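Have a look at the structure below, then the notes.
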Amino acid sequence: MTSATLWRNWAGDQRCAPLDVSEPADEAAVQAIVERALAVNQPLRAVGSGHSFTDAACTDGHMLRLDRFAGVGDVDTSRGLVQVGAGITLRELGVRLAERGLAMENLGDIDTQTLAGAIATATHGTGARFQNLSAQVAGLRLVTGTGEVIDLDSGSDADAYCAARVSFGSLGIVVAVTLRCVPLFTLHRVDEPRPLEDVLRNFDEVVDGNDHFEFFVFPYTTSALTRTTNRVDADPDPPPRWRRYLDDVVVQNRLFGLTCRIGKRAPAAIPFMVRRAGSIAGRSEVRDHSYRVFATRREVRFNEMEYGIPRENGPEAVRRVMALVQQRRLPISFPIEVRCVAGDDAFLSPAYQRETCYVAVHVYRGMEFETYFRAVEAIMNEYGGRPHWGKRHYQSAATLAQLYPRWQDFQAVRARLDPSNIFRNEYTDRVLGPVQQPRASQRKQRPSPR
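Quick note: the sequence shown uses the numbering used here, first residue 5, plus one each step.
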């Protein structure tokens, strides 16, 4: 346990001063930390890599890190099941799985998050036939708000399993995850600019015609940078290291970062700069193992909002966001990012039971973002949009309850697993509200520890 220190998230604008920060080495130590917090009724929050843009990890109580829970345990190759420590990063997980000839079937475009943090916030990749990362979870091992250790899967406690996969730390401390994996595979990715209207007009065709499809479009431009990624029956043939460095580091980070810094000092120049940047984007491709292709390097820091809306509303929503920026002359130097995923069954997943188009908007760190984000959120609200739990939003429990059909079922699981609300903070108070105490008949239905 370390003394109180100032904690900041990746973007640098969420910060807190916890009473202490613990890094337990084993499950029993996690139980002891929960029991100590429970005894004095002080809140406890687990934190991963800090890549969430919300205050989901912030606390003035106790903070717990799972850095020591980063191993890869039992592997059932016949069923593709792998038990993994919850604190491993997605980047390290990709390497460790590849050593065993396995891979995650889909990943997001950032791999610095911890596994537990990425799952808990409903982090996703893209692909019409692929679900969010939490859907790749076959089981969770959880230390609850009473200090019990339970194993959750669809057979043992279906409601708790569907609730705990996306719970942003409000149900307990996840110490281990059992993942459904697939044999290691190769991806071929092509990045190339296309006219935005062509992409939006043929949206379903390009989404359904590729394993993975996404695009980025800068405000004030008419061209989208598309990214099509498909599985291929071929060995990896990665580009030379110098070429990857030039594309990933020099162009996409250093040069882009310089553009953002200039735009921060001279906002009026942003429309010109982003048009210029869009005009010089060229075609590139890579063929490599999947975990090296899905993720991209992100050095330029920013704030982000992302909403999941019904897939059929995606093109219209993008047109409206583009028009919003131009009509209000907002100084936005970051592109809008658009991805699609299949529906899933996690109670608080933004893609719960619907094919989903995710629309993400970003603002360079240190620049005013609320005007833009609130206006975009108003557009997404018209489509029944659900916010990404790790990204900025202005929803509350009252508004969110209307968006999730299984909201009350989630709340019932929360009351059962954390009856004293030990895993609370300002974020959970705002987006979940108080713990709803179960009726006497419900209190008897508690899962037995294994």
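Positions of the beta carbon are idealized from the N, C-alpha and C atoms, including for glycine. What you are looking at is a predicted structure, and each value in this text was computed from that prediction instead of being measured.
Length of the line joining the Cα atoms of residue i and residue j
i, j, result
"P243", "Q412", "50 Å"
"C20", "V203", "42 Å"
"F260", "R305", "11 Å"
"R323", "R410", "31 Å"
"A120", "V194", "30 Å"
"I313", "V363", "8 Å"
"D71", "A90", "8 Å"
"V435", "D80", "38 Å"
"V439", "F57", "24 Å"
"H55", "L94", "12 Å"
"A473", "K395", "This structure cannot settle anything about residue 473, because the visible part of the chain is limited to 5 through 454."
"R280", "M371", "21 Å"
"A102", "V297", "13 Å"
"G347", "T116", "25 Å"
"N257", "T300", "10 Å"
"I383", "D208", "21 Å"
"G318", "C361", "6 Å"
"H293", "A327", "38 Å"
"V365", "N13", "18 Å"
"G112", "I123", "11 Å"
"V367", "F373", "6 Å"
"G437", "A142", "28 Å"
"P451", "A32", "The predicted model places P451 with a pLDDT of 45, which falls under 50 and marks its position as unreliable, so this point remains unresolved."
"I37", "V88", "21 Å"
"A139", "P22", "32 Å"
"A41", "I426", "7 Å"
"S82", "L250", "41 Å"
"Y224", "V170", "36 Å"
"T190", "D24", "44 Å"
"V34", "I154", "13 Å"
"R100", "F222", "36 Å"
"R49", "C62", "7 Å"
"F219", "G151", "44 Å"
Where the beta strand (DSSP E) through residue i begins and ends
i, result
"Y295", "Looking at the DSSP string, Y295 is not in any beta strand (DSSP E); the run it does join, the alpha helix (DSSP H), is 294 to 297."
"C368", "In the sequence as displayed, the identity of residue 368 is Tyr instead of Cys. Taken as a continuous stretch (DSSP letters only), the beta strand (DSSP E) holding Y368 covers 360 to 368."
"M67", "66 to 69"
"V236", "227 to 236"
"D252", "Neither: D252 is in no beta strand (DSSP E) and is coded neither H nor E."
"L436", "Segment: none, L436 is in no beta strand (DSSP E) and carries neither H nor E."
"Y428", "A quick correction: the sequence has Arg, not Tyr, at residue 428. R428 -> no beta strand (DSSP E), and no H or E assigned at all."
"D78", "76 to 80"
"G98", "From DSSP, G98 is part of no beta strand (DSSP E) but of the alpha helix (DSSP H) over 94 to 103."
"Q87", "85 to 89"
"D24", "24 to 26"
"L183", "177 to 184"
"L48", "48 to 51"
Outcome for residue i when other beta-carbon atoms lying within 10 angstroms are tallied against a minimum of 16
i, result
"R418", "buried"
"G75", "exposed"
"P47", "buried"
"W246", "exposed"
"G105", "exposed"
"P275", "buried"
"L262", "exposed"
"V211", "buried"
"A29", "exposed"
"S227", "buried"
"E455", "Here the chain comprises residues numbered 5 to 454, so residue 455 is not present and cannot be evaluated."
"L10", "exposed"
"V253", "exposed"
"D238", "Looking at the sequence provided, one finds Ala at residue 238 rather than Asp. By the 10 Å Cβ count, A238 comes out exposed."
"E316", "exposed"
"Q330", "exposed"
"N45", "exposed"
Endpoints, alpha helix (DSSP H) assigned at residue i
i, result
"R418", "411 to 421"
"Q35", "31 to 43"
"T58", "Taken as a continuous stretch (DSSP letters only), T58 belongs to no alpha helix (DSSP H), as it is neither H nor E."
"A164", "162 to 168"
Any non-hydrogen atom of the ligand MN closer than 6 Å to residue i Cβ
i, result
"D251", "No copy of the ligand MN occurs in the structure displayed, which carries no ligand at all."
Short CB-CB distance (under 7 Å) between residue i and chain D
i, result
"A180", "Annotation note: the requested chain D is absent from the structure, which comprises a single protein chain."
List, from N- to C-terminal side, the beta strand (DSSP E) runs of 3 residues or more that fit wholly inside the region 266 to 322.
Qualifying beta strand (DSSP E) stretches, in chain order: 288 to 293, 306 to 314.
Along the chain, which unbroken stretches of the alpha helix (DSSP H) at least 4 residues long are found entirely within the region 114 to 153?
119 to 124, all fully within the region 114 to 153.
Inspect the CB distances between the region 173 to 184 and the region 211 to 223 and report whether three or more fall short of 8 Å.
The answer is no - the region 211 to 223 does not touch the region 173 to 184, with fewer than three Cβ pairs under 8 Å.
Touch test, the region 281 to 297 against the region 345 to 357, Cβ-Cβ under 8 Å, three pairs minimum
The answer is no - the region 345 to 357 does not touch the region 281 to 297, with fewer than three Cβ pairs under 8 Å.
Report yes or no: do three or more beta-carbon pairs, one from the region 339 to 350 and one from the region 123 to 141, lie closer than 8 Å?
Three or more beta-carbon pairs separated by less than 8 Å link the region 339 to 350 to the region 123 to 141, which places the two stretches in contact.
Write down every uninterrupted run of the alpha helix (DSSP H) in the region 187 to 222 whose length is 4 residues or greater and which is fully enclosed by it, in chain order.
You should have 200 to 205, 207 to 212.
Measuring CB atoms only, is the region 160 to 179 touching the region 136 to 146, in the sense that at least three cross pairs come out at less than 8 Å?
A contact exists between the region 160 to 179 and the region 136 to 146.
Count Cβ pairs between the region 399 to 409 and the region 331 to 338 that sit closer than 8 Å; are there 3 or more?
Of all C-beta pairs linking the region 399 to 409 to the region 331 to 338, fewer than three are shorter than 8 Å, placing the two stretches out of contact.
Report the start-end ranges of each alpha helix (DSSP H) in the region 320 to 404 that is 4 residues or longer and not cut off at the edges.
For the region 320 to 404, whole alpha helix (DSSP H) runs of length 4 or above, ordered along the chain, are 374 to 385, 401 to 404.
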